[in-house]
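The listed protein sequences derive, respectively, from chains U and B. For the first sequence, the numbering used here begins at 1 and goes up steadily by one. For the second sequence, the numbering used here begins at 186 and goes up steadily by one. All C-beta atoms, glycine included, are put in the ideal place defined by N, C-alpha and C.
Protein chains: 2
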Amino acid sequence: MSATKAYHHGDLRRALLASAVDAIAESGPAALSLRDLARRAGVSHAAPAHHFGDKAGLLTALAAQGFDLLAEELRQSGTDLLEAGVGYVRFAVRHRAHFEVMFAPGLYRRDLPEVTAARDRATAALREAIARNPDASASDPQATRLATWSIVHGFATLWLSGALPAEVGTDPETAARNVIPLLFR
Amino acid sequence: MSATKAYHHGDLRRALLASAVDAIAESGPAALSLRDLARRAGVSHAAPAHHFGDKAGLLTALAAQGFDLLAEELRQSGTDLLEAGVGYVRFAVRHRAHFEVMFAPGLYRRDLPEVTAARDRATAALREAIARNPDASASDPQATRLATWSIVHGFATLWLSGALPAEVGTDPETAARNVIPLLFR
DNA sequence: CCAGGCAACTTGTCACTGCCAAGATTGGCA
DNA sequence: TGCCAATCTTGGCAGTGACAAGTTGCCTGG
Chain U
1 MSATKAYHHG DLRRALLASA VDAIAESGPA ALSLRDLARR AGVSHAAPAH
51 HFGDKAGLLT ALAAQGFDLL AEELRQSGTD LLEAGVGYVR FAVRHRAHFE
101 VMFAPGLYRR DLPEVTAARD RATAALREAI ARNPDASASD PQATRLATWS
151 IVHGFATLWL SGALPAEVGT DPETAARNVI PLLFR
Chain B
186 MSATKAYHHG DLRRALLASA VDAIAESGPA ALSLRDLARR AGVSHAAPAH
236 HFGDKAGLLT ALAAQGFDLL AEELRQSGTD LLEAGVGYVR FAVRHRAHFE
286 VMFAPGLYRR DLPEVTAARD RATAALREAI ARNPDASASD PQATRLATWS
336 IVHGFATLWL SGALPAEVGT DPETAARNVI PLLFR
């Protein structure tokens with residue numbers, strides 16, 4: 001915890017993950033460099049490999065962390081399904097780095113128990129939010145779940161990709177509030 | 186066209202783009218290597234740079250090509266809005282490499298006229314498909330357009346990311362046909 | 001108190017990549 | 001025919017991920 005770093009960093013793993021989030025938010029996951037993260041943390045170029053094995057290992061840890069953050073966001077969004085959807089979009093925008101990695105297969109090992117467990121927690125949270133909504137518990141619950149997930153995920157992804165026209169505005173949550181209700185009118 | 190390659194390849198630009206599509210479909214955009222593409226085409230390691238400038242230049246050309254393919258797919262899907270949505274999903278699955286690059290900002294220069302023009306053609310095709318649908322020309326056409334784009338884009342993205350549960354099945358178009366109508370019931 | 005074991009980190013190296021500069025080759029056009 | 005511009009090659013540099021082997025320091029058991 002002291003300012004002068006001894007031989008042992010003390011919290012390298014956490015520091016590397018935090019730096020990775022910043023770096024990805026700035027330049028995207030493709031531009032991420034383990035050596036750059038090591039420099040930011042003031043350690044040698046091979047130190048990250050000790051904690052994460054390789055680059056995919058680091059992104060795997062990041063994805064797992066992201067699914068847990070998403071689950072928390074969905075749970076804090078209250079009982080309203082619209083608010084859960086807005087929460088999903090808010091998570092994607094606020095935790096852009098996590099979100100981009102989470103849904104980029106090939107960047108990390110998404111079959112590791114560390115990841116699958118966190119992803120299951122997030123999908124369970126989404127499922128609960130949908131189950132609480134009377135409108136949504138329609139004839140085909142699975143299709144309803146898929147449609148809800150699709151519309152919020154699609155909106156979030158399109159927003160982040162910059163593909164949406166300028167008329168949509170500058171506030172993603174407001175825009176999402178206008179779009180999501182069309183599913184449940 | 187001859188089997189023995191002369192000094193001039195003859196169709197290098199097209200060959201590189203085709204190889205890039207294969208390579209990305211196999212290993213994702215992050216693992217793409219210009220030198221590997223050059224090897225596949227049987228040319229020197231610096232040949233790609235002549236046609237595309239740099240890696241982002243190649244991906245820019247690929248994205249533009251993708252938006253044109255998408256516009257064509259949407260136009261061929263007929264007048265039904267559901268079919269246009271299914272066409273969107275079909276495009277994403279069949280042209281996975283193009284799709285992944287198109288909506289990955291930071292990988293290419295999406296403000297170049299080459300790209301913006303193609304993207305405008307694709308959005309125009311989607312807009313026409315929606316305008317043809319009587320249900321969809323509701324009170325707020327912009328929100329309707331956004332919701333439609335979001336649900337098909339979200340479903341396609343989730344499908345490609347492998348995040349969907351196994352119960353959804355193995356055929357993306359069939360699954361999409363069950364999900365998309367929930368928007369317009 | 002201290003021996004030794006283990007986790008955290010370093011140093012050194014290799015193959016590979018993107019990018020740049022300079023040169024070689026060729027097809028087409030005046 | 002001669003020249004020129006587009007196309008492609010050769011060579012080289014800095015940066016990267018991964019691996020191997022060594023170093024440091026903490027911590028525990030006796």
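U:N133 touches chain B at which residues, Cβ-Cβ below 9 Å?
Correct list: empty, because the minimum Cβ distance to chain B is about 13 Å.
List, in chain order, every chain B residue whose beta-carbon is nearer than 9 Å to that of U:S33.
Result: empty, since nearest Cβ-Cβ is about 12 Å, beyond 9 Å.
Where U:P48 and U:A122 are concerned, what is the direct C-alpha to C-alpha distance, given to the nearest angstrom?
28 Å
Do you know how far the Cα of B:F252 is from the Cα of B:M287?
7 Å
How would you list, in chain order, the residues of chain U whose beta-carbon sits under 9 Å from the beta-carbon of B:S212?
Within chain U, the residues near B:S212 are G106.
Let me see if you follow: with CB-CB separation under 7 Å, is U:I151 close to chain B or not?
Output row for U:I151: interface = yes.
Residues of chain U with CB closer than 8 Å to the CB of B:T342, please, in chain order.
F103, H153, G154 and T157
So if I threshold CB-CB distances at 8 Å, which residues from the region 72 to 95 of chain U count as touching chain B?
Under the 8 Å Cβ criterion, the region 72 to 95 of chain U contributes no residue.
Thinking C-beta only, is U:I151 closer than 7 Å to B:S262?
no
Shortest alpha-carbon distance to U:V43 belongs to which of U:G169, U:A97 and U:A15?
When each option's Cα is compared against that of U:V43, the closest is U:A15.
Could you spell out the range, first to last residue, of the alpha helix (DSSP H) harbouring U:T157?
P141 to S161
Looking only at C-alpha atoms, which of B:L222, B:R279, B:I315 and B:L292 sits nearest to B:A208?
B:L222
Helix, strand or coil for U:H45 per DSSP?
U:H45 falls in the coil class under three-state DSSP.
Would you mind telling me which residues of chain B sit closer than 8 Å to U:G162, beta carbon to beta carbon, in chain order?
Chain order gives the chain B residues near U:G162 as P290 and R295, where near means a beta carbon separation below 8 Å.
For B:F284, which of helix, strand or coil comes out of DSSP?
Here B:F284 sits in helix by DSSP.
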